[in-house]
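What follows is a short report on a single structure.
See the structure below:
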């Protein structure tokens with residue numbers, strides 16, 4: 034699953050959708066990615082929105098929503114990540130519901146522990 038970049042419209046819609054949710058932005062693999070408690074929450078990949086959700090929610094949305102898939106970088110499916118491949122055509126109420134559920138789920142996860150930095154040998 035190689036990224037081909039995201040359109041300005043898709044990035045703007047994603048930012049508008051998530052603006053009211055507290056999160057921290059970081060660049061990750063060239064993509065603007067949003068984190069809650071240092072856990073990855075959402076990002077734009079190509080022209081799709083990717084949200085972290087409980088695996089059962091991902092499975093349900095895959096069955097009931099058109100233009101969705103599981104996020105699978107390099108062919109490795111990530112069970113908690115749903116891709117909405119055409120968010121500009123998706124019902125805004127559904128997008129808001131998914132964003133809210135995703136943020137609530139990610140916020141409830143334990144904070145990711147900080148990695149210990151190796152001391153330099155100078």
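Numbering (this note's numbering), first residue to last: 34 to 155.
The C-beta atom is built at its ideal place from N, Cα and C for all residues, glycine as well.
Remember, predicted model here, so these are calculated numbers, not experimental data.
Contact under 8 Å by Cβ, residue i with residue j
i	j	result
residue 135	residue 84	yes
residue 51	residue 75	yes
residue 71	residue 144	yes
residue 66	residue 73	yes
Residue i versus residue j: straight-line alpha-carbon distance, rounded
i	j	result
residue 116	residue 129	14 Å
residue 46	residue 142	26 Å
residue 48	residue 113	21 Å
residue 131	residue 122	15 Å
residue 92	residue 127	16 Å
residue 107	residue 53	32 Å
residue 133	residue 94	14 Å
Residue i - partner residues in DSSP beta bridges
i	result
residue 61	64
Status (buried if at least 16 other CB within 10 Å, exposed otherwise) for residue i
i	result
residue 120	buried
residue 89	exposed
residue 60	exposed
residue 58	exposed
residue 80	buried
residue 86	buried
residue 97	exposed
Cut-off 6 Å between Cβ atoms - residues of its own chain near residue i, not counting five sequence neighbours on either side
i	result
residue 100	118 and 119
residue 159	Outside the shown range of the chain (34 to 155) lies residue 159, about which nothing can therefore be said.
residue 102	116
Own chain partners of residue i with C-beta closer than 8 Å, once the 5 adjacent residues on each side are dropped
i	result
residue 55	69
residue 150	none
Residues near residue i in its chain [Cβ-Cβ closer than 7 Å; skip 5 each side]
i	result
residue 137	none
residue 147	none
residue 140	69 and 70
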